[in-house]
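**Q** From first to last, the protein sequence lines stand for chains A and E. Residue numbers for the first sequence follow the UniProt record's numbering, beginning at 1 and rising by one. Residue numbers for the second sequence follow the UniProt record's numbering, beginning at 1 and rising by one. The beta carbon of each residue, even a glycine, is placed where N, CA and C say it ideally should be. These numbers were taken from a predicted model, which means no experiment stands behind them.
2 protein chains.
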Amino acid sequence: MTPQENPGPMTADWIAVDWGTTNLRIWAIDGSGKTIAHRSSAKGMGKLAPHEFEPALLDLTEDLLSEGRGTAVIVCGMAGSRQGWAEAPYKTTPCPPPTIGDATIVATRDARLDVRILPGIKQLEPADVMRGEETQIAGFLAGDPEFKGLLCLPGTHTKWVFLDGGRITAFTTFMTGELFALLSGQSVLRHGLSQQDMDMDAFRKAVGDMDKEPARLAAELFGVRAAGLIAGLGPEQARGRLSGLLIGVELAAVRQDIANLPIAILGSDTLARTYRTALESLGHSAGLLDADTITLKGLTLAYSSCSKVSS
Amino acid sequence: MTPQENPGPMTADWIAVDWGTTNLRIWAIDGSGKTIAHRSSAKGMGKLAPHEFEPALLDLTEDLLSEGRGTAVIVCGMAGSRQGWAEAPYKTTPCPPPTIGDATIVATRDARLDVRILPGIKQLEPADVMRGEETQIAGFLAGDPEFKGLLCLPGTHTKWVFLDGGRITAFTTFMTGELFALLSGQSVLRHGLSQQDMDMDAFRKAVGDMDKEPARLAAELFGVRAAGLIAGLGPEQARGRLSGLLIGVELAAVRQDIANLPIAILGSDTLARTYRTALESLGHSAGLLDADTITLKGLTLAYSSCSKVSS
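The following block contains the structure:
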């Protein structure tokens, strides 16, 4: 192999970063727009003090940086929170997703880094916040700028977002995923619960029960335990029922909206498919989009306008 | 001091035991019905293998036992569960509270013990179970045998019990207390929450919000965090709101019943008073009764019929 055939490690034209509470994920993009590296680490915002962000980023990207210039690094997510690397103040609804002009420029010690953090979005009444999802929404709108409807972004804190005319008009965050983790892992329910598979018939039944009587949530939760003790509810049924109760009460809260608007789900993993199953069991359809693709698209949009701003 | 003045430790005529998941509590009663000792330990059912129950009981009671006869020990609670000391099979609703004739007699190695465990009660549809509360209900009914209404038994798993003609006709258990413990101690909400005091105005407001829109629970939970971040919600307000949301959605589930029936709360601690505040904020009144007194009354009733059975 000659030097001509192997020019050494490639360098990135720019780097896309999704920096959440739990994980740090980067994509290195070359001048033709191709992803030349996709890496992640467990150095999420929640584990880092402000001075630890730059080293955590360098750990994942140093071999991809060019000497003699600052490589653009476009960041979305919790790295921009007050407890993060540098605060990127929220935009306020109603608003379009933030652009690079809204980003906070972060001073770095290493001159090979040119870091910009995209802001999150807040809603004043009812109080709500997002950081990271706004960039996914930008990516989604790039493909469907006139979408008028509801986006569902499943996760630990699932968000339902109203879009109209390219703007985020309102949104609501549900603690459904965190409730599921606490109840399945640490409550009295853990004794009778499969830690893996769930019975989808039990799931659909629970979604329907909550559609009818959402206020009974805390009673139906204990009912999962009681049915395990005296009615032979199996571990996979119990897991399906627990998930169905929690997602079902969430859907009962957005019932009016899902009845009247098209729905797109930003996600294609198990959780996203579970949301689709729940919606279908109530007679609604929803498309799935790959969340990683959409996130990278949103960051790429921001970088593109960054280049325009610079040139 | 002469031996005449100090006749040595008193012995119990019988011993009342409330053996829950977390704690073991005993009352030693003399021949005149007076409590001569009230003791507790952390050796709840959840920490004990079957062979460890007898030693745990002796630790608290050995100096109170008579030689040469079996002292009656009347037990209610989780000690009678399948994972407990000896299973005391459930009675099934509708039924009056269990009597000593329903108790399971436990074989002991120590002949100074004559142990009987009162059964719990199950409801087949919707599936639900209680162990311990049935004895409190017996104590309550002793003072008001014709009560037709709702008992509220606040706790980790709060129970609402329908009574009519001395019988338990139906009941519902809510995981409200366990949800509060998980959310206040281990969720993202813990960051903005007072670990002690709660603002009762925020509590009442939250009860009212859930009365109107119970399905929004998981959204309002995240709203506590968001309002702390962007709307200046203080730690004591956050604790009040969290408690009010959870108790409020529970009350929304029993709304029909509390509107039409008298309510008595079995408890007089902070949690019981919090339930009363919530009921009052929705326009309902409820009396408080001391739970310890009622528990001992229920166990005493069982012992009294035990003596009759024996004689």
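Do you know how far the Cα of E/Q123 is from the Cα of E/I15?
**A** Mapped onto the second sequence, residue 15 of chain E falls at position 15. Mapped onto the second sequence, residue 123 of chain E falls at position 123. Roughly 29 angstroms separates the two Cα atoms.
**Q** Assuming A/A291 contacts A/L266 under a Cβ cut-off of 8 angstroms, what Cβ separation, rounded to an integer in Å, is found between them?
**A** Counted from its first residue, the first sequence places residue 291 of chain A at position 291. Counted from its first residue, the first sequence places residue 266 of chain A at position 266. Yes, they are in contact, since the Cβ atoms of A/A291 and A/L266 sit about 5 angstroms apart, within 8 angstroms.
**Q** Output yes if chain A places a C-beta closer than 9 angstroms to the C-beta of E/A218; else output no.
**A** What you label residue 218 of chain E is simply residue 218 of the second sequence in a count that begins at 1. So yes, E/A218 belongs to the interface.
**Q** Within its chain, find whatever has a CB closer than 6 angstroms to the CB of A/L233; leave out the 5 residues flanking it on each side and keep chain order.
**A** Stepping through the first sequence from its first residue, residue 233 of chain A is reached at position 233. Excluding residues within five positions, the ones whose Cβ falls inside 6 angstroms are A227.
**Q** Closer than 9 angstroms, Cβ to any Cβ of chain A: which residues of the region 250-283 of chain E, in chain order?
**A** Of all residues in the region 250-283 of chain E, E250, L251, A252, A253, V254, R255 have a Cβ within less than 9 angstroms of some Cβ in chain A.
**Q** If you compare alpha carbons, which of E/L193, E/G44, E/T11, E/L189 is closest to E/G33?
**A** Working through the second sequence from its first residue, we reach residue 33 of chain E at position 33. For the residues E/L193, E/G44, E/T11, E/L189, the minimum Cα distance to E/G33 belongs to E/T11.
**Q** Using a beta-carbon distance below 9 angstroms, is A/A16 in contact with chain E?
**A** If you number the first sequence from 1, residue 16 of chain A lands on position 16. Not closer than 9 angstroms to any Cβ of chain E, the Cβ of A/A16 fails to qualify, so no.
**Q** Just to confirm, is the Cβ distance from E/R239 to E/D269 under 9 angstroms?
**A** Here residue 239 of chain E refers to the residue found at position 239 when the second sequence is read from its first residue. Here residue 269 of chain E refers to the residue found at position 269 when the second sequence is read from its first residue. Cβ atoms of E/R239 and E/D269: not closer than 9 angstroms.
**Q** Could you give the first and the last residue of the continuous beta strand (DSSP E) run that contains A/I168?
**A** In the first sequence, counting from the first residue as 1, residue 168 of chain A sits at position 168. A/I168 -> beta strand (DSSP E) spans 167-174.
**Q** Tell me, please, whether the CB atom of A/E178 is closer than 9 angstroms to any CB atom in chain E?
**A** To locate residue 178 of chain A, count along the first sequence from 1; it is residue 178. Yes, its Cβ sits closer than 9 angstroms to a Cβ of chain E.
**Q** Counting only the same chain and skipping the five closest in sequence on each side, list residues whose C-beta sits under 6 angstroms from that of E/R25.
**A** On the second sequence, residue 25 of chain E is found 25 positions in, with the first residue counted as 1. Cβ neighbours of E/R25 beyond the five flanking positions: D18, S40.
**Q** Straight-line CA distance for E/P126 to E/L179?
**A** Counting from one through the second sequence, the residue named residue 126 of chain E turns up at place 126. Counting from one through the second sequence, the residue named residue 179 of chain E turns up at place 179. Going from the Cα of E/P126 to the Cα of E/L179 covers about 21 angstroms.
**Q** What is the DSSP secondary structure of A/L233, reduced to helix, strand or coil?
**A** Position 233 of the first sequence, counted from the start, is the residue given in the question as residue 233 of chain A. In this structure, A/L233 counts as coil in the three-state DSSP scheme.
**Q** Please list, in chain order, all residues of the same chain as E/I258 whose beta carbon is under 6 angstroms from its beta carbon, the five residues on each side excluded.
**A** Numbered from 1 along the second sequence, position 258 holds the residue referred to as residue 258 of chain E. Cβ within range, chain order: H284.
**Q** Quick one: grab the DSSP three-state call for E/R190.
**A** The residue given as residue 190 of chain E occupies position 190 in the second sequence. E/R190 falls in the helix class under three-state DSSP.
**Q** How long is the line joining the alpha carbons of A/R273 and E/D144, rounded to whole angstroms?
**A** To locate residue 273 of chain A, count along the first sequence from 1; it is residue 273. To locate residue 144 of chain E, count along the second sequence from 1; it is residue 144. The straight-line gap from Cα to Cα measures roughly 54 angstroms.
**Q** Should the region 135-149 of chain A be called in touch with the region 100-115 of chain A, which here means at least 3 C-beta pairs below 8 angstroms?
**A** With the cut-off at 8 angstroms, the region 135-149 of chain A and the region 100-115 of chain A do not touch.
**Q** Listed from N- to C-terminal order along the chain, which residues in the region 122-151 of chain E have their beta-carbon within a distance smaller than 7 angstroms of any beta-carbon of chain A?
**A** Under the 7 angstroms Cβ criterion, the region 122-151 of chain E contributes K122, P126, A127, D128, V129.
**Q** Go ahead and label A/P50 buried or exposed: buried means 16 or more other beta carbons lie within 10 angstroms of its beta carbon, across all protein chains shown.
**A** Position 50 of the first sequence, counted from the first residue, corresponds to residue 50 of chain A. Exposed: under 16 other Cβ atoms inside 10 Å.
**Q** Between A/A88 and the rest of its own chain, which residues show a CB-CB distance below 6 angstroms, the 5 nearest in sequence each way excluded?
**A** The sequence position of residue 88 of chain A within the first sequence is 88, counting from 1. Closer than 6 angstroms at Cβ, skipping near neighbours: G80, T104, I117, P119.
**Q** Check the Cβ-Cβ distances between E/E213 and every residue of chain A, and say whether any is below 9 angstroms.
**A** One-based indexing of the second sequence puts residue 213 of chain E at position 213. Answer yes: the Cβ-Cβ gap between E/E213 and chain A drops below 9 angstroms somewhere.
**Q** Which bits of chain A does E/V188 rub up against, with CB to CB less than 7 angstroms?
**A** Start at 1 with the first residue of the second sequence, and residue 188 of chain E comes out as number 188. Result: E178.
**Q** Looking at the structure shown, is E/S40 part of a helix, part of a strand, or coil, going by DSSP?
**A** Here residue 40 of chain E is taken as the residue at index 40 of the second sequence, counted from 1. Looking at E/S40 - three-state DSSP - the assignment turns out to be strand.
**Q** Mapping DSSP to helix, strand and coil, what is E/A72?
**A** Taking the second sequence and counting its residues from 1, one reaches residue 72 of chain E at position 72. Three-state result, E/A72: strand.
**Q** Using a Cβ-Cβ distance cut-off of 9 angstroms, determine whether A/I230 contacts chain E.
**A** Here residue 230 of chain A refers to the residue found at position 230 when the first sequence is read from its first residue. True, the Cβ-Cβ gap to chain E drops below 9 angstroms.
**Q** Does E/K34 come out as helix, strand or coil in the three-state DSSP assignment?
**A** Locating residue 34 of chain E in the second sequence gives position 34, where the first residue counts as 1. In this structure, E/K34 counts as coil in the three-state DSSP scheme.
**Q** Flag this pair as touching only if the region 201-212 of chain A and the region 163-178 of chain A have three or more C-beta atom pairs under 8 angstroms; answer yes or no.
**A** No, the region 201-212 of chain A does not touch the region 163-178 of chain A.
**Q** Would DSSP call E/R109 helix, strand or coil?
**A** Sequence index remark: in the second sequence, residue 109 of chain E carries index 109 (1-based). In this structure, E/R109 counts as coil in the three-state DSSP scheme.
**Q** Could you pull out every residue in the same chain whose Cβ sits closer than 7 angstroms to the Cβ of E/A252, ignoring the five residues on either side in sequence?
**A** As a first step, residue 252 of chain E must be located in the second sequence, where it is residue number 252. Answer for E/A252: M210, D211, P214, listed in chain order.
**Q** Report yes or no: is there a C-beta of chain E within less than 9 angstroms of the C-beta of A/L193?
**A** If you number the first sequence from 1, residue 193 of chain A lands on position 193. Not an interface residue.
**Q** Applying the criterion that 16 or more other CB atoms from any shown protein chain within 10 Å of the CB defines a buried residue, is A/S243 buried or exposed?
**A** Here residue 243 of chain A corresponds to residue number 243 of the first sequence, with the count starting at 1. So A/S243 counts as buried.
**Q** Give me, in chain order, the residues of the same chain whose beta-carbon lies closer than 7 angstroms to that of A/D30; leave out the 5 immediate sequence neighbours on both sides.
**A** Numbered from its first residue, the first sequence carries residue 30 of chain A at position 30. For A/D30, where only same-chain residues beyond five positions count, the Cβ hits under 7 angstroms are M10, A12, D13, I36.
**Q** Assuming E/C152 contacts E/I247 (C-beta within less than 8 angstroms), just tell me the rounded distance between them.
**A** The count along the second sequence starts at 1 and reaches residue 152 of chain E at position 152. The count along the second sequence starts at 1 and reaches residue 247 of chain E at position 247. Contact doesn't hold; Cβ gap of about 11 angstroms is too wide.
**Q** Under 9 angstroms, do A/V129 and E/L229 count as touching if we go by C-beta distance?
**A** For this step, residue 129 of chain A is matched to residue 129 along the first sequence. For this step, residue 229 of chain E is matched to residue 229 along the second sequence. Result yes, Cβ atoms of A/V129 and E/L229 sit closer than 9 angstroms.
**Q** Just reading off the alpha helix (DSSP H) that A/I100 is part of, what are its end residues?
**A** Residue numbering aside, residue 100 of chain A sits at position 100 when the first sequence is read from its first letter. Looking at the DSSP string, A/I100 is not in any alpha helix (DSSP H), and its letter there is neither H nor E.
**Q** On the premise that E/E236 lies in contact with E/D199, defined as a C-beta separation below 8 angstroms, what is that separation, rounded to the nearest angstrom?
**A** Numbered from 1 along the second sequence, position 199 holds the residue referred to as residue 199 of chain E. Numbered from 1 along the second sequence, position 236 holds the residue referred to as residue 236 of chain E. E/D199 to E/E236, Cβ: 4 angstroms. Contact.
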